[in-house]
């Protein structure tokens, strides 16, 4: 799935540092969820997820982001 420009704009600082890499996770509470993918050799802490609906992007990180990943990603 193509990453919306609104998400790329919200993640600009991460993209500038690490490059433009996202994984589509699926739908979360009616919004498209995208995970920013850091390079493998990077220690980053919590993941960054971007939720998108109706032209608006919302950044989620911390334990909430871990919870979203747990719901949407299968082992």
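In this note's numbering, the protein residues as written are 94 to 168. Glycine included, each C-beta is placed from N, C-alpha and C at the ideal position.
So the beta strand (DSSP E) residue i belongs to, where does it begin and stop?
i           : result
residue 116 : 115-121
So residue i is in the alpha helix (DSSP H); what residue range does that whole segment cover?
i          : result
residue 95 : First-last for residue 95: undefined, no H or E at that position.
Report the option in the options whose CA atom is closest to the CA atom of residue i.
i           : options           : result
residue 139 : 146, 145, 131     : 131
residue 136 : 151, 97, 111, 162 : 111
residue 114 : 153, 133, 149     : 133
Closer than 8 angstroms by C-beta to residue i: which residues in its own chain qualify, once you throw out the five before and the five after it? Chain order, please.
i           : result
residue 164 : 121
DSSP on residue i, reduced to helix/strand/coil?
i           : result
residue 103 : helix
Within the same chain, show all residues whose beta-carbon is closer than 7 angstroms to that of residue i, passing over the 5 residues directly before and after it, in chain order.
i           : result
residue 108 : 101
residue 155 : 139
residue 158 : 139, 140, 141, 142
Enumerate in chain order the residues of its own chain whose CB-to-CB distance from residue i is below 6 angstroms, with the five nearest sequence positions on each side excluded.
i           : result
residue 151 : 144
**Item:** 3 or more residues per run - each beta strand (DSSP E) lying fully within the segment 108-166
**Value:** 115-121, 124-129, 142-146, 149-153
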